[in-house]
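2 protein chains.
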Amino acid sequence: MKGFFRLLTTTQVRQILRSFPRLPGEEVPLNKALGRAVANDIVSPEDLPPFSRSTMDGYALRARDIFGASETEPALLKVVGEVRMGQAPGCGPIGPGEAVRIWTGGMVPEGADAVVMVEYTKELDKDLIEVYKAAAPNENMILKGEDCQKDKVCITRGKRLRPQDLGLLAGLGITKVKVVKSPRVFIISTGDEIVPETEVPEDGKVRDINSTTLEALVRQGKATVKRLGIVEDSFDSIYEKCREALDMGADVILVSGGSSVGARDFTLKVFEHLSGEPPLVHGVAVRPGKPTIISRFEDTALLGLPGHAASCMVVYMLFVQYLLNVMLGLDPETDMEFKRAVCGQIFPSVTGREDYVRVRLEDSKDGILPVAMPIYGKSGLISTLVKADGLLKIPRDSEGYHEGEEAEVMLLP
Amino acid sequence: MKGFFRLLTTTQVRQILRSFPRLPGEEVPLNKALGRAVANDIVSPEDLPPFSRSTMDGYALRARDIFGASETEPALLKVVGEVRMGQAPGCGPIGPGEAVRIWTGGMVPEGADAVVMVEYTKELDKDLIEVYKAAAPNENMILKGEDCQKDKVCITRGKRLRPQDLGLLAGLGITKVKVVKSPRVFIISTGDEIVPETEVPEDGKVRDINSTTLEALVRQGKATVKRLGIVEDSFDSIYEKCREALDMGADVILVSGGSSVGARDFTLKVFEHLSGEPPLVHGVAVRPGKPTIISRFEDTALLGLPGHAASCMVVYMLFVQYLLNVMLGLDPETDMEFKRAVCGQIFPSVTGREDYVRVRLEDSKDGILPVAMPIYGKSGLISTLVKADGLLKIPRDSEGYHEGEEAEVMLLP
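If you read the protein sequences in the order shown, they are chains A and B. The numbering of the first sequence is our numbering, which starts it at 2 and goes up by one. The numbering of the second sequence is our numbering, which starts it at 2 and goes up by one.
What follows is the structure, encoded as structure tokens:
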């Protein structure tokens, strides 16, 4: 006998996904922190730079001493020394009419409040220069603490660390950083007809596609991933694999296939048995991707994904990545990139569900928005996603788009 | 004495970068191939799927036998067996008036050319069904070779492998793939004032920022990376480190700092000595980022990057990533993402150089284009990039943008 779905909308499903907790923090060295979310606000332990620095090769001096200096009326200054790179200035405070030679990055001595570029000076003798241009106070200097001030928050909780953020932390001497743990994701493929990609399938059998696609998606999504192989369509074998994943500390279990309501679909029963409850979600008002299951066992998310290759990936893009972002402490829509495009053809749909039509994006002649062209093909065909640049979204209340209308396209990785 | 630059435009510099060769191919397993460029066209060794499959639970039959079937005039068919999952159909060819039970993913037997969903049938007894709905030929089936045809190119040379591409390859039993090698990039920081991020700097010294930023950028750019530490500002020490990198098989050497034309800038001399020629580039008409050097030793690119943290990253984004993409066999502009934005303030510039102004992107009230707000700060400040979402590009022939004008923003990682 065939059952029925109670379809939830994307918004409803995402609200449920947001109820899963952010994972705890762990300390990692900077070279393992790229792309991870910061677990706590990071407070700067010191001023950066720790002293005022010159940004030019030239002379450090008092701005007021060269006020009004010009080609015709140069200021005359006494050179009282040279600041050697990587050393404290060897001189006392700079007094009226004095200057010191300085290099880019050098430490500006006390008393000086500007640097004049060497191009605007002329050495008259070893310790006398003419300056041809005025300088404003703080000109050609980076002030102590200008990049980052001691005791101020320099990176806020939840921020995803980018290369430049790591550079700032290195500059502050912060070589380890507390980031949110990566979810441990386990992938299980189900189906009596599925064999590993390393095997030559006999008649009636096909190779596993979803484990490979999902593994790469999860890895791209900054989670750690382990494939648990293929199991036959039976309650016991799916149940055992899920238990195995739970015993290994799974934060997310992805079961591909067997998520529908047919006689051979056991994923729902396994999830109900594990969680002791009906699923949080069974069926989403999205096409492709309807037969999707979400259950919860303690803090672990149990997800049943459609077996059809294209449906499986669409559900990943819409919901699994969202869930991983929640667990990772990131804005849940991180990496969901949308682009506006013009429909190159009619895109029919029906109301009551959101459609995600695989499209190729072509350059338009006028050069502004790209043109979206549909890629026809059943949701079981992985090649449609290989050809696609994105998924054109047709909202739930729309019957589709006419040629020439604008629409939103969710970019595929 | 101070020298002068001969500034090249972005277009000229990129043309020079395109003269570096694509690296050779290497065979890697699928789980190492994500994001890499395919070295050769990949030809499908077989049909995918290898046989026609059902996409529904139902009955496989001859479409012509249920032509015109409806609720009021059902068609009557004889059930001659069941196709077991993962097995060849146990029956002979389907003859007129015959049907076999089949499940989603099952192998459609010879003679059958459509599948009718179980919902549109009624079992009258063990081997007799009524069918209430007609089916078109090939309905609810994926045909043999419909996903991928034997001997056809399924992935073209130069394509960057995405999760779904790896899924397709797995489905075809292709478990190793020839991809373009990753460039080996070596990073050298120069400066008498620079200490490693693990040290507490004495007066006059600061910690290395660029090595950390560059390392993360290169890793994100799919190249392999090794930091060679910090060297003092002298010809000999920079030369030695460059030789060390060459001996280790460097495809790209990045030297940060010492790339300008001052008395303490030795990078140019080292590159000239190594290559035996003047540099291909010394000075780019870009701000920030002017003091950039590009030389070539055999097929290795030698790049001198500005020491100022923000300039260094801008040059990386505009040129180093471009070069890595050339070597990786990718479209050179891969990962250079631009977004249109509205200027939230006036953005002044001067003609003769391209400006890349660090900006924050804010949501606009009308919800269409984001609003770009400048982040003020000197090019030595890494914090400006920490705050920035992108770089607003002001073309070489423009004196800037007024508030409310549209501009292109290069997104930062």
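Glycine included, C-beta positions come from ideal geometry on N, C-alpha and C.
Item to check | Three-state secondary structure assigned by DSSP to C313 (chain A) | outcome: Under the three-state reduction of DSSP, C313 (chain A) is assigned to helix.
Next on the checklist: Going by DSSP in three states, R37 (chain B) sits in which element: helix, strand or coil?
Outcome noted: R37 (chain B): coil per DSSP, three-state reduction.
Checklist entry - Are the C-beta of E334 (chain B) and some C-beta of chain A separated by less than 9 Å? => result It does not; no Cβ of chain A falls within 9 Å.
Item to check | Member of B:P46, B:G82, B:A40 whose CA lies at the smallest distance from the CA of G59 (chain B) | outcome: Selected option, being the one with the closest Cα: B:G82.
Next on the checklist: Could you check whether the segment 172-190 of chain A touches the segment 87-95 of chain A, counting it as contact only if at least three pairs of C-beta atoms, one from each stretch, sit closer than 8 Å?
Outcome noted: Contact between the segment 172-190 of chain A and the segment 87-95 of chain A is absent, because fewer than three Cβ pairs lie under 8 Å.
Checklist entry - Of all the CB atoms in chain A, is at least one closer than 9 Å to the CB of N41 (chain B)? => result No Cβ of chain A is located within less than 9 Å of the beta carbon of N41 (chain B).
Checklist entry - Quick one: what's got a C-beta closer than 8 Å to E400 (chain B)'s C-beta in the same chain, skipping five residues either side? => result Excluding positions up to five away in sequence, the list reads P349, S350, V351, T352.
Item to check | Same chain only: Cβ atoms within 7 Å of F272 (chain B), ignoring 5 sequence neighbours per side | outcome: If we look at F272 (chain B) and ignore the five residues flanking it on each side, its Cβ neighbours are P280, I294, S296, L303, G305.
Item to check | 8 Å CB neighbourhood of K145 (chain A) in its chain, flanking five on each side removed | outcome: Result list for K145 (chain A): D48, P50, P51, F52, S53, in chain order.
Item to check | Closest residue to L255 (chain B) among B:G308, B:E111, B:I189 (Cα-Cα distance) | outcome: When each option's Cα is compared against that of L255 (chain B), the closest is B:I189.
Next on the checklist: Please confirm whether G263 (chain B) has its beta-carbon closer than 9 Å to some beta-carbon of chain A.
Outcome noted: True, the Cβ-Cβ gap to chain A drops below 9 Å.
Checklist entry - Looking only at its own chain, which residues have a Cβ that is under 7 Å from the Cβ of M2 (chain A), when we skip the five neighbours before and after it? => result Note on M2 (chain A): pLDDT 41, under 50, position unreliable in the model; no value is reported.
Checklist entry - Is the beta carbon of R290 (chain B) sitting closer than 9 Å to the one on L319 (chain B)? => result Here residue 290 (chain B) is Gly; the residue named in the question, Arg, does not match the sequence. Cβ atoms of G290 (chain B) and L319 (chain B): closer than 9 Å.
Checklist entry - Which of helix, strand or coil does DSSP assign to P164 (chain A)? => result Helix at P164 (chain A).
Next on the checklist: Does chain B have any CB closer than 9 Å to the CB of F339 (chain A)?
Outcome noted: With a threshold of 9 Å between beta carbons, F339 (chain A) makes no contact with chain B.
Item to check | Contact set between P349 (chain A) and chain B, taken where Cβ atoms lie within less than 7 Å | outcome: Chain B residues near P349 (chain A): none, gap ~18 Å exceeds 7 Å.
Item to check | Simplified DSSP assignment, three categories, for S365 (chain B) | outcome: The answer is coil: DSSP assigns S365 (chain B) none of H, G, I, E or B.
Item to check | Continuous beta strand (DSSP E) stretch holding T214 (chain B): start and end | outcome: No beta strand (DSSP E) holds T214 (chain B); the alpha helix (DSSP H) holding it covers 211-221.
Next on the checklist: Measuring straight from C-alpha to C-alpha, what distance separates R244 (chain A) and G250 (chain A)?
Outcome noted: Their backbone Cα atoms lie some 10 Å apart in a straight line.
Checklist entry - Is it a yes or a no for the segment 136-145 of chain A touching the segment 35-47 of chain A, going by three-plus beta-carbon pairs under 8 Å? => result These segments do not touch.
Next on the checklist: Going by C-alpha to C-alpha distance, which of B:L162, B:A373, B:V387, B:G222 sits closest to H403 (chain B)?
Outcome noted: The option with the nearest alpha carbon to H403 (chain B) is B:A373.
Checklist entry - T385 (chain B) lies in the alpha helix (DSSP H); which residues open and close that run? => result From DSSP, the alpha helix (DSSP H) with T385 (chain B) extends over 384-388.
Checklist entry - Within the 9 Å Cβ cut-off, does N32 (chain A) reach chain B? => result At least one chain B Cβ lies under 9 Å of N32 (chain A).
Checklist entry - Less than 9 Å separating the beta-carbons of A286 (chain B) and L162 (chain B)? => result Between A286 (chain B) and L162 (chain B), the gap from beta carbon to beta carbon reaches 9 Å or more.
Checklist entry - Looking at the C-beta of E406 (chain A), does it have a partner C-beta in chain B at a distance below 9 Å? => result Not one chain B Cβ lies under 9 Å of E406 (chain A).
Checklist entry - With C-beta atoms as the reference, is E124 (chain B) less than 9 Å away from P75 (chain B)? => result At the C-beta level, E124 (chain B) and P75 (chain B) stay beyond 9 Å of one another.
Checklist entry - Between Q223 (chain A) and the rest of its own chain, which residues show a CB-CB distance below 7 Å, the 5 nearest in sequence each way excluded? => result Per the sequence shown, the amino acid found at residue 223 (chain A) is Lys instead of Gln. Sequence-distant Cβ neighbours of K223 (chain A) in its own chain, meaning closer than 7 Å and more than five residues away, are G36, R37, S183, L329.
Next on the checklist: As an exercise, report each continuous beta strand (DSSP E) stretch of at least 3 residues that is fully enclosed by the segment 217-254 of chain B, in chain order.
Outcome noted: Entirely contained in the segment 217-254 of chain B, the beta strand (DSSP E) runs reaching 3 residues are, in chain order, 225-232.
Next on the checklist: For a contact defined as C-beta to C-beta under 7 Å, what are the partners of L167 (chain A) on chain B?
Outcome noted: Proximity of chain B to L167 (chain A) at the Cβ level (cut-off 7 Å) is accounted for by T213, T214, A217, in chain order.
Checklist entry - Alpha carbon to alpha carbon, what distance is there between Q150 (chain A) and V178 (chain A)? => result Their backbone Cα atoms lie some 18 Å apart in a straight line.
Item to check | Coil, strand or helix - K270 (chain A) by DSSP | outcome: K270 (chain A): helix per DSSP, three-state reduction.
Checklist entry - Secondary structure at Y323 (chain B), three-state DSSP: helix, strand or coil? => result Reduced to three states, the DSSP call for Y323 (chain B) is helix.
Item to check | Close beta carbons around E406 (chain A), own chain, < 6 Å, minus the five adjacent residues each side | outcome: These residues qualify, in order along the chain: C344.
Item to check | Among A:A311, A:A61, A:R23, nearest to L413 (chain A) - alpha-carbon criterion | outcome: Between L413 (chain A) and the set A:A311, A:A61, A:R23, the nearest pair of CA atoms involves A:A311.
Item to check | Cβ neighbours of R15 (chain A) in the same chain (closer than 8 Å, five flanking residues each side left out) | outcome: Cβ within range, chain order: F320, Y323, P333.
Checklist entry - Could you check where the beta strand (DSSP E) with R15 (chain A) kicks off and where it finishes? => result Unbroken run through R15 (chain A) is the alpha helix (DSSP H), 11-18; no beta strand (DSSP E).
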